[in-house]
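Trainee:
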Amino acid sequence: MGIEIGLYVHIPFCRSKCAYCDFASVAGREHLWRPYLDVLLAEIAAIPPLRPITLYVGGGTPTLWPAEYLTAVIEAVRSAGLPAGAEATVEANPGTVDEAKLAALRRAGYNRISLGVQSTQEANLRLLGRIHSYAEAGDAVRWARAAGFDNLSIDLISGLPGQTVAEWQTDLARALELESEHLSAYGLSLEEGTPLAAAVARGALPEPDADIWADMYLSTEEILAAAGYRHYEISNWASAPDALPPDPGAARQATRAPRDWVRRSGPAARLLTCGHNLIYWRNEPYLGLGSGAHSSLQGKRFARLADPAAYVAARPADRVSFMEEIGPSLEMAETAILGLRLVAGLERDRFRHRFGPDPVEWFREPVSWAQGHGLLEYDDYAVYLTQRGRLLSNEVFQRLLPTTEP
Numbered sequence: 058m059g060i061e062i063g064l065y066v067h068i069p070f071c072r073s074k075c076a077y078c079d080f081a082s083v084a085g086r087e088h089l090w091r092p093y094l095d096v097l098l099a100e101i102a103a104i105p106p107l108r109p110i111t112l113y114v115g116g117g118t119p120t121l122w123p124a125e126y127l128t129a130v131i132e133a134v135r136s137a138g139l140p141a142g143a144e145a146t147v148e149a150n151p152g153t154v155d156e157a158k159l160a161a162l163r164r165a166g167y168n169r170i171s172l173g174v175q176s177t178q179e180a181n182l183r184l185l186g187r188i189h190s191y192a193e194a195g196d197a198v199r200w201a202r203a204a205g206f207d208n209l210s211i212d213l214i215s216g217l218p219g220q221t222v223a224e225w226q227t228d229l230a231r232a233l234e235l236e237s238e239h240l241s242a243y244g245l246s247l248e249e250g251t252p253l254a255a256a257v258a259r260g261a262l263p264e265p266d267a268d269i270w271a272d273m274y275l276s277t278e279e280i281l282a283a284a285g286y287r288h289y290e291i292s293n294w295a296s297a298p299d300a301l302p303p304d305p306g307a308a309r310q311a312t313r314a315p316r317d318w319v320r321r322s323g324p325a326a327r328l329l330t331c332g333h334n335l336i337y338w339r340n341e342p343y344l345g346l347g348s349g350a351h352s353s354l355q356g357k358r359f360a361r362l363a364d365p366a367a368y369v370a371a372r373p374a375d376r377v378s379f380m381e382e383i384g385p386s387l388e389m390a391e392t393a394i395l396g397l398r399l400v401a402g403l404e405r406d407r408f409r410h411r412f413g414p415d416p417v418e419w420f421r422e423p424v425s426w427a428q429g430h431g432l433l434e435y436d437d438y439a440v441y442l443t444q445r446g447r448l449l450s451n452e453v454f455q456r457l458l459p460t461t462e463p
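Structure representation (structure tokens):
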């Protein structure tokens, strides 16, 4: 039996590049769409004996493509072994979908859709360089529901230049009105080379305020807990209406109740988390296909050529632009860092089964430091970040990395 993997397929094409985006994406280049699809289909056919157990089609803007192209992708992945009923996510920009396209994607077999809403306020959508309006986001949700999508995720971005806590809370309130099963709330990262970072650097926009962002994050935990969402990863929340009765005083218990929920949740509840991303957070094997896609398999990490034209033109053996061996100490550290992103924490039994030592003992000094600073706790089941630790997670993560690889 082949290794089970999460499969990521990258569609790099966009109508225009967002002001904050440093992903492997390009505007236009329609002439590359068909040859790029042909290369993808050939690579998907070569996946066996690896066994895909999830599919995530991201970008870029996958829904810029015709529905028949995205249908061809999922059909090829099914032929390569994706089980019937497995989670199959497609990312969508609200400005690139209509009712017919979403219906076609659902018929093709995509059963989870992630909408890049990012903001519900027109001024901030323009600041981010998004091509859609808040009204179009609402239309996209209605069309997705009409198409039969019952597992829908919404992305939002906080910490924008000049954004207030009140504006962010308005975003959350409006997002809750859309009644998605899943919500991702990411803090803005100003990446070098992006128009937004350049505008901040030259003083055209104010520097985002870390203290204001922290207040936004804490209000996100409180508001989403009160609305019945369960916090399961630093930036991700899932609803589980059939898994548990509503938590009494959920807002007051936001720091501990989510951990208990993640432990108790059954299969129905897990369907509303992102199963594909859980593969990343557990540092399990995944394969990325398409330009700029990353993979982690059998002790190696590698990336594919980022430019789609070069990717299409290259021979299969030449499409990998970077590869490195992951030594044991680094693999253990990365497993701990990724596992700590989960609100339930890094499972001690899972870590011992995979590596041998207990993580509390293996990382004794950083665990002691983080616990002493109120950033981390542990029990018999897991090592986990506190609420303060989630705000300052990088302070913990950097101390887990090995200084040298034996």
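Residue numbers for the sequence shown follow this note's numbering, so the first one is 58 and each next one is one higher.
Note that beta-carbon positions come from the ideal geometry of N, C-alpha and C, so glycine has one too.
Rounding to the nearest angstrom, what Cα-Cα distance links A230 and L395 in this structure?
Mentor: On the sequence shown, position 173 is the one that residue 230 refers to. On the sequence shown, position 338 is the one that residue 395 refers to. Computed Cα separation, rounded: 29 Å.
Trainee: Can you give me the start and stop residues for the alpha helix (DSSP H) that W225 sits inside?
Mentor: Within the sequence shown, numbered from 1, the residue matching residue 225 stands at position 168. W225 -> alpha helix (DSSP H) spans V222 to E234.
Trainee: For the alpha helix (DSSP H) that contains K158, what are its first and last residues?
Mentor: Taking the sequence shown and counting its residues from 1, the one referred to as residue 158 is at position 101. K158 -> alpha helix (DSSP H) spans E156 to A165.
Trainee: Out of A180, R259 and S296, point me to the one whose CA is closest to E236's CA.
Mentor: The count along the sequence shown starts at 1 and reaches residue 236 at position 179. For the residues A180, R259 and S296, the minimum Cα distance to E236 belongs to S296.
Trainee: Please report the Cβ distance between L397 and V440, rounded to the nearest whole angstrom; I am assuming they are in contact, meaning their Cβ atoms lie under 8 Å.
Mentor: Translated into positions along the sequence shown, residue 397 becomes position 340. Translated into positions along the sequence shown, residue 440 becomes position 383. Right, their Cβ atoms sit about 7 Å apart.
Trainee: If you check the beta carbons only, do A137 and P119 fall under 8 Å apart?
Mentor: On the sequence shown, residue 137 is found 80 positions in, with the first residue counted as 1. On the sequence shown, residue 119 is found 62 positions in, with the first residue counted as 1. Not in contact: A137 and P119 (Cβ atoms no closer than 8 Å).
Trainee: DSSP three-state label for P414, please.
Mentor: Counted from its first residue, the sequence shown places residue 414 at position 357. Of the three classes helix, strand and coil, the one that applies to P414 here is coil, per DSSP.
Trainee: What span of residues does the beta strand (DSSP E) with I104 cover, start to end?
Mentor: Locating residue 104 in the sequence shown gives position 47, counting from the first residue. Here I104 belongs to no beta strand (DSSP E), and DSSP marks it neither H nor E.
Trainee: What would DSSP say about R91, mapped onto helix, strand or coil?
Mentor: Indexing the sequence shown from 1 puts residue 91 at position 34. Of the three classes helix, strand and coil, the one that applies to R91 here is helix, per DSSP.
Trainee: Could you have a look at L458 and say whether DSSP puts it in helix, strand or coil?
Mentor: Here residue 458 corresponds to residue number 401 of the sequence shown, with the count starting at 1. If DSSP states are grouped into helix, strand and coil, L458 belongs with coil.
Trainee: Tell me the residue span of the alpha helix (DSSP H) that contains W270.
Mentor: The residue you call residue 270 lines up with position 213 of the sequence shown. Segment A267 to A283, the alpha helix (DSSP H) holding W270.
Trainee: Report yes or no: do the region 190-202 and the region 246-258 share at least 3 C-beta pairs separated by less than 8 Å?
Mentor: No, the region 190-202 is not in contact with the region 246-258.
Trainee: For D212, list the residues DSSP reports as bridge partners.
Mentor: In the sequence shown, the residue the question calls residue 212 occupies position 155. DSSP output for D212 lists S241 as bridge partner(s).
Trainee: Does DSSP put N150 in a helix, in a strand, or in coil?
Mentor: Position 93 of the sequence shown, counted from the first residue, corresponds to residue 150. Residue state, collapsed to three classes: coil.
Trainee: First and last residue of the alpha helix (DSSP H) that includes W338?
Mentor: Here residue 338 is taken as the residue at index 281 of the sequence shown, counted from 1. Its alpha helix (DSSP H) spans residues G332 to W338.
Trainee: Looking at the secondary structure, which residues open and close the beta strand (DSSP E) in which I62 lies?
Mentor: Taking the sequence shown and counting its residues from 1, one reaches residue 62 at position 5. Where I62 is concerned, the enclosing beta strand (DSSP E) stretches over E61 to I68.
Trainee: Relative to the C-alpha of L387, which candidate in V96, V114 and P459 has its C-alpha closest?
Mentor: Sequence index remark: in the sequence shown, residue 387 carries index 330 (1-based). Minimum Cα distance to L387 is reached at P459.
Trainee: Nearest to R445 by CA position, among D272, L253 and E193, is which residue?
Mentor: Here residue 445 corresponds to residue number 388 of the sequence shown, with the count starting at 1. Among D272, L253 and E193, the Cα nearest to that of R445 belongs to D272.
Trainee: Determine the burial state of M389: buried for a count of at least 16 other Cβ atoms within 10 Å of its Cβ, exposed for fewer.
Mentor: If you number the sequence shown from 1, residue 389 lands on position 332. So M389 ends up on the buried side.
Trainee: Buried or exposed: R169, going by 16 or more other Cβ atoms within 10 Å of its Cβ?
Mentor: By 1-based counting over the sequence shown, the position of residue 169 is 112. Classification of R169: buried, given that the 10 Å Cβ count is 16 or more.
Trainee: Based on Cα-Cα distance, which residue from F454, L185, A258 and S241 lies nearest to L281?
Mentor: Taking the sequence shown and counting its residues from 1, one reaches residue 281 at position 224. Comparing Cα-Cα distances from L281 to each of F454, L185, A258 and S241, the minimum goes to S241.
Trainee: What residue ranges within the region 179-206 form continuous alpha helix (DSSP H) runs of no fewer than 4 residues, ordered along the chain?
Mentor: Taking only runs of at least 4 residues, the alpha helix (DSSP H) segments lying wholly in the region 179-206 are 179-185 and 191-204.
Trainee: Roughly how many whole angstroms lie between the Cα atoms of G116 and L346?
Mentor: Within the sequence shown, residue 116 is the residue found at index 59, counting from 1. Within the sequence shown, residue 346 is the residue found at index 289, counting from 1. Using only the alpha carbons, I get a separation of about 11 Å.
Trainee: Going straight from the alpha carbon of A401 to that of R164, what length do you get?
Mentor: Walking along the sequence shown from the start, residue 401 turns up at place 344. Walking along the sequence shown from the start, residue 164 turns up at place 107. The straight-line gap from Cα to Cα measures roughly 35 Å.
Trainee: Do you know how far the Cα of S450 is from the Cα of H67?
Mentor: Position 10 of the sequence shown, counted from the start, is the residue given in the question as residue 67. Position 393 of the sequence shown, counted from the start, is the residue given in the question as residue 450. H67 and S450: Cα-Cα distance of roughly 28 Å.
Trainee: Return yes when the Cβ of I211 is within less than 8 Å of the Cβ of Y243, no when it is not.
Mentor: The count along the sequence shown starts at 1 and reaches residue 243 at position 186. The count along the sequence shown starts at 1 and reaches residue 211 at position 154. Cβ distance not < 8 Å, so Y243 and I211 don't count as in contact.
Trainee: Identify whether I131 lies in helix, strand or coil by the three-state DSSP scheme.
Mentor: Here residue 131 is taken as the residue at index 74 of the sequence shown, counted from 1. Of the three classes helix, strand and coil, the one that applies to I131 here is helix, per DSSP.
Trainee: Under 8 Å Cβ to Cβ from L217, same chain only, skipping five residues before and after it: list those, please.
Mentor: Looking up residue 217 in the sequence shown gives position 160. Same-chain partners within the cutoff: S176, N181, L184, L185, L245 and P265.
Trainee: Quick check: what's the CA-CA separation for L362 versus R372?
Mentor: For the purposes of this step, residue 362 is taken as residue 305 along the sequence shown, with counting starting at 1. For the purposes of this step, residue 372 is taken as residue 315 along the sequence shown, with counting starting at 1. Their Cα atoms are separated by approximately 11 Å.
Trainee: Excluding five sequence neighbours on each side, which residues of the same chain lie with their C-beta closer than 7 Å to the C-beta of C75?
Mentor: Here the question's residue 75 lines up with position 18 in the sequence shown. Correct list, in chain order: L185, G186 and R187.
Trainee: Quick one: what's got a C-beta closer than 6 Å to L209's C-beta in the same chain, skipping five residues either side?
Mentor: On the sequence shown, position 152 is the one that residue 209 refers to. Closer than 6 Å at Cβ, skipping near neighbours: I170, A201, S237 and E238.
Trainee: Please list the terminal residues of the continuous alpha helix (DSSP H) segment that includes G429.
Mentor: By one-based count along the sequence shown, residue 429 stands at place 372. Looking at the DSSP string, the run of the alpha helix (DSSP H) that includes G429 is R421 to G429.
Trainee: Cα-Cα, which of E278, P263 and L253 is closest to T221?
Mentor: Mapped onto the sequence shown, residue 221 falls at position 164. The shortest C-alpha separation from T221 is found at P263.
Trainee: Output yes or no for whether 8 Å exceeds the beta carbon distance between L107 and G59.
Mentor: As a position in the sequence shown, residue 107 is number 50, starting the count at 1. As a position in the sequence shown, residue 59 is number 2, starting the count at 1. Taking 8 Å as the Cβ cut-off, L107 and G59 qualify as a contacting pair.
Trainee: What is the residue span of the alpha helix (DSSP H) that I394 lies within?
Mentor: Here residue 394 corresponds to residue number 337 of the sequence shown, with the count starting at 1. P385 to L397 is the extent of the alpha helix (DSSP H) around I394.
Trainee: Mind reading off the beta-carbon distance from R456 to W426? Whole number of angstroms is fine, and I expect it under 8 Å.
Mentor: To locate residue 456, count along the sequence shown from 1; it is residue 399. To locate residue 426, count along the sequence shown from 1; it is residue 369. Indeed, because the Cβ distance is near 6 Å, the residues count as touching under 8 Å.
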